[in-house]
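Report on the following structure.
Numbering (our numbering), first residue to last: 4 to 236.
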């Protein structure tokens, strides 16, 4: 079963079958993967923040935790992205850019800073956090590509929020840098389910392999050899 089942019409499926092999092709991946976790911050995961959506955010946290546990045991490079270096930073208009956002409701001052990776996914020492400076892609204006090249990476596993926004932008840039891209769909989330599902479908047809988190874990185990995947939740 695919995450876009029931959303994509038969006519659309037929049109893709004529020109793209994403529907039938098997996982295409290299031997040197890295994990990129995009914007899994309180501000996106938790509905108490204006940009957050707990209903889909927290299930994605649980799936990412499962994958992250295996990635750490496999000792692959792990990168996180978020907005700014300081969690309570107030960007100037020139830094915010052209985002189509209206006046947002004020964040409850009693809440902890939102631009912090959620607790269950807290980066360990040595795991790099990329500050995106408000742009969607983890690559745009950051050293991420050079880090991956230095590590000899040929495949990136991209997860996070939101599927139709920053995850999609990061996947497109990874594709443009000629990395193989894997997207474990349970590890991604969006405020809109139709945007989430259609984005996954489109990415799978053209730029990436959308798979289950279990398939992504199996791939990591094959790369790293037999490892225990028990998750101490």
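The C-beta atom is built at its ideal place from N, Cα and C for all residues, glycine as well.
What's the C-alpha gap between residue i and residue j?
i, j, result
"residue 166", "residue 181", "20 Å"
"residue 228", "residue 112", "47 Å"
"residue 119", "residue 157", "28 Å"
"residue 183", "residue 126", "24 Å"
"residue 162", "residue 78", "18 Å"
"residue 15", "residue 151", "35 Å"
"residue 139", "residue 63", "19 Å"
"residue 55", "residue 117", "9 Å"
"residue 3", "residue 218", "Coverage of the chain is limited to positions 4 through 236, which leaves residue 3 absent and any answer about it impossible."
"residue 160", "residue 185", "5 Å"
"residue 137", "residue 8", "32 Å"
"residue 59", "residue 21", "33 Å"
Once DSSP output is grouped into helix, strand and coil, what is the label at residue i?
i, result
"residue 43", "coil"
"residue 38", "strand"
"residue 32", "coil"
"residue 72", "helix"
"residue 187", "strand"
"residue 83", "strand"
"residue 223", "helix"
"residue 166", "helix"
"residue 54", "coil"
"residue 214", "strand"
"residue 63", "helix"
"residue 148", "helix"
"residue 18", "helix"
"residue 49", "coil"
Taking buried to mean at least 16 other C-beta atoms within 10 Å of its own C-beta, is residue i buried or exposed?
i, result
"residue 32", "buried"
"residue 208", "buried"
"residue 43", "buried"
"residue 53", "exposed"
"residue 131", "exposed"
"residue 128", "exposed"
"residue 81", "buried"
"residue 86", "buried"
Are the beta-carbon atoms belonging to residue i and residue j less than 8 Å from one another?
i, j, result
"residue 200", "residue 10", "yes"
"residue 204", "residue 177", "no"
"residue 134", "residue 164", "no"
"residue 154", "residue 37", "yes"
"residue 174", "residue 223", "no"
"residue 66", "residue 187", "yes"
"residue 115", "residue 45", "yes"
"residue 214", "residue 30", "yes"
"residue 34", "residue 220", "no"
"residue 124", "residue 216", "no"
DSSP puts residue i in a beta bridge; with which residues?
i, result
"residue 142", "In the DSSP output, where bridge partners are listed per residue, residue 142 has none listed."
"residue 9", "Residue 9 pairs with nothing; no bridge assigned."
"residue 132", "83"
"residue 159", "37 and 184"
"residue 192", "164"
"residue 120", "44"
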